[in-house]
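Novice: Numbering (my numbering), first residue to last: 852 to 1360.
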């Protein structure tokens, strides 16, 4: 496999990239004979931000032209949303960091002289628009149709794109909207507390005062029952399009969360709602769950794959019990996906390399500089082996790098929910409403567990757990995961309790 195919596959990183450069120092300038693109452009179009970052560090030129005269930036922004796999804003940000000012608007006649900014506007890629404007992309350059980026945005139905072209105005609007949304959220919480025996106070620690001014507007001075209240809120939100946007088409999701938490508290089929476990269930649920699975060839042994499938489905089930229906449906789809997957041996376990490229780049790093990482992540890593096809330290280095990048971007290294005036539920609600404005609470935690009995894997994970550089971000469970799944095969309640306690361990401090 040559350098261009490695770039397409996402493996042109680390030692692989170094070997190519040792054999040919000029190889980064060589174009693919089929596509006419250098490795940097190939990696960018394929959506591998980690490759783009390392290629730029090794000297790849961001403004190098393809055989057809395109820059990597133009190719990346030109991709339609359907073609783009992942990481476009992050890749745009990386390319811009090394692109000379005179090349930010570089285009071709074959592109109708549409600039990268114009393509970002046409594709509705708000984060890339912000990055390009910040880098000095022209708002007045015209394409072959005589249109500027501003005129293209003005003709779009997506007003967020037009706002992104004017950063100062956008920040002012969002700040005002955040205040409005926050007030309405707290009003709804106060009303639910008043009519449902303080359920929001008991479950989430929220006990705001009822805002009489908002109450007058929503309920027209009347005292509605619960059904009428939901209808009133729905009507109020629909009459205020900005609120409807922030509530994502579900104006009663706060009530849904309270209702589901109450139902869980009274559900005899699972211990998750019991007084000693419910607070932990809520805190785990408020994290975005990411499950990093092992698909190496050794997973075919001793029923390990089947145990991993059951674990994934169970994690999806118990961590979504109190989420609104839309999010529960998406989580439920995981079970169907796992059932349909046939086991495919994927060779060795490059656990650190793929943690970075498959998990951290798309889910964390791509959201740091646009500051769109709103909810904290809890990443569950399931493996049966120690690293191979990479140095032993790669996994720890990937986690440490994650912490460092979070800190550099103004986020905490680990997830935080402690604040003198804002509860965990409030952070969840506001993150749904105003996204990156809750960034001081969004970090990353790792729960790492072993499937199987390999001594080398056990020793490797023990060393990971003892590493002081990542101790604040990592919890390595001493339990053998597949053994626990088997032990609780006949008792779903005990499995729920053990798994929730395990997931809570990384975030309890």
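Virtual Cβ for every residue (Gly too), placed ideally from N, Cα, C.
Fair warning: this is a prediction, and the values are worked out from it, not measured in the lab.
(1) Three Cβ pairs or more, each shorter than 8 Å: is that satisfied between the stretch 984 to 992 and the stretch 955 to 974?
(2) How many Å lie between residue 1122 and residue 900 at the Cα?
(3) Is it true that the stretch 1311 to 1319 meets the stretch 1331 to 1343, where meeting means three or more beta-carbon pairs spaced less than 8 Å apart?
(4) Do three or more CB pairs link the stretch 1143 to 1160 to the stretch 1211 to 1219 at distances below 8 Å?
(5) What would DSSP say about residue 1222, mapped onto helix, strand or coil?
(6) Between the alpha carbons of residue 973 and residue 919, how many angstroms are there, rounded?
(7) Given a cut-off of 8 Å, decide if residue 1201 and residue 1241 are closer than it, judged by their beta-carbon atoms.
(8) Can you tell me which of 1149, 1248, 1254, 1067 puts its alpha carbon nearest to the alpha carbon of residue 1296?
(9) Buried or exposed for residue 923, going by 16 or more other Cβ atoms inside 10 Å?
(10) Reducing DSSP to helix, strand and coil, say where residue 1349 ends up.
(11) Near residue 979, which residues of its chain fall below 7 Å by C-beta distance, leaving aside the five closest residues on each side in sequence?
(12) Helix, strand or coil for residue 1180 per DSSP?
(13) Which two residues bound the contiguous beta strand (DSSP E) that contains residue 1216?
(14) Checking 8 Å against the spacing of the C-beta atoms, do residue 1228 and residue 1141 come in under that value?
(15) List the residues that DSSP assigns as beta-bridge partners of residue 1234.
(16) Tell me which same chain residues have a C-beta within less than 7 Å of the C-beta of residue 969, skipping the five on either side of it?
(17) According to DSSP, is residue 809 helix, strand or coil?
(18) Buried or exposed: residue 1078, going by 16 or more other Cβ atoms within 10 Å of its Cβ?
(19) Please return the same chain residues whose Cβ sits closer than 6 Å to the Cβ of residue 792, not counting the five positions on each side in sequence.
(20) Just list the residues that DSSP pairs residue 1061 with in beta bridges.
(21) Could you tell me which residues DSSP pairs with residue 984 in its beta bridges?
(22) May I ask you to report which of helix, strand or coil DSSP gives residue 1139?
(23) Work out the CA separation of residue 1205 and residue 894 for me, nearest whole Å.
(24) Can you give, in chain order, each stretch of the alpha helix (DSSP H) that sits fully within the stretch 885 to 972 and has at least 4 residues?
(25) Output the boundary residues of the alpha helix (DSSP H) element that contains residue 1159.
(26) Less than 8 Å between the C-beta atoms of residue 889 and residue 880, yes or no?
Specialist: In this structure, then:
(1) yes
(2) Here residue 1122 corresponds to residue number 271 of the chain shown, with the count starting at 1. Here residue 900 corresponds to residue number 49 of the chain shown, with the count starting at 1. In a straight line, the C-alpha of residue 1122 is about 42 Å away from that of residue 900.
(3) no
(4) no
(5) One-based indexing of the chain shown puts residue 1222 at position 371. Reduced to three states, the DSSP call for residue 1222 is coil.
(6) Numbered from its first residue, the chain shown carries residue 973 at position 122. Numbered from its first residue, the chain shown carries residue 919 at position 68. If I take the Cα positions, the gap works out to 22 Å.
(7) As a working mapping, residue 1241 is identified with position 390 in the chain shown. As a working mapping, residue 1201 is identified with position 350 in the chain shown. Contact flag set, yes.
(8) Taking the chain shown and counting its residues from 1, the one referred to as residue 1296 is at position 445. Cα-wise, what sits closest to residue 1296 is 1254.
(9) Position 72 of the chain shown, counting from 1, holds the residue named residue 923. When all chains shown are included, residue 923 counts as buried.
(10) Position 498 of the chain shown holds residue 1349. Note: residue 1349 maps to helix in three-state DSSP.
(11) Here residue 979 is taken as the residue at index 128 of the chain shown, counted from 1. The residues are 928, 939, 940, 943, 971.
(12) Position 329 of the chain shown, counting from 1, holds the residue named residue 1180. Summary for residue 1180: the model assigns pLDDT 47, below 50, so the residue's position carries little reliability, and this model does not support an answer.
(13) Stepping through the chain shown from its first residue, residue 1216 is reached at position 365. From DSSP, residue 1216 is part of no beta strand (DSSP E); its letter is neither H nor E.
(14) The residue labelled residue 1228 in the question sits at position 377 within the chain shown. The residue labelled residue 1141 in the question sits at position 290 within the chain shown. In contact: residue 1228 and residue 1141 (Cβ atoms closer than 8 Å).
(15) By one-based count along the chain shown, residue 1234 stands at place 383. Beta-bridge pairing links residue 1234 to 1301.
(16) For this step, residue 969 is matched to residue 118 along the chain shown. Excluding sequence neighbours, residue 969 sits near 994, 1000, 1003.
(17) Outside the modelled stretch of the chain, which goes from 852 to 1360, sits residue 809, for which no answer is possible.
(18) Taking the first residue of the chain shown as position 1, residue 1078 is located at position 227. Residue 1078 is exposed by the Cβ-count criterion.
(19) Because the chain is modelled from 852 through 1360, residue 792 falls outside the range shown and cannot be assessed.
(20) Your numbering for residue 1061 matches position 210 in the chain shown. Looking at the DSSP assignment, residue 1061 forms no beta bridge with any residue, so it has no partner.
(21) Numbered from its first residue, the chain shown carries residue 984 at position 133. Its beta-bridge partners do not exist; DSSP assigns none.
(22) To locate residue 1139, count along the chain shown from 1; it is residue 288. Strand at residue 1139.
(23) For the purposes of this step, residue 894 is identified with residue 43 of the chain shown, where counting begins at 1. For the purposes of this step, residue 1205 is identified with residue 354 of the chain shown, where counting begins at 1. Residue 894 and residue 1205: Cα-Cα distance of roughly 15 Å.
(24) 890 to 897, 900 to 908, 923 to 929, 939 to 949
(25) For the purposes of this step, residue 1159 is taken as the residue at position 308 of the chain shown. 1155 to 1169 is the extent of the alpha helix (DSSP H) around residue 1159.
(26) To locate residue 889, count along the chain shown from 1; it is residue 38. To locate residue 880, count along the chain shown from 1; it is residue 29. For residue 889 and residue 880, yes; Cβs fall inside 8 Å.
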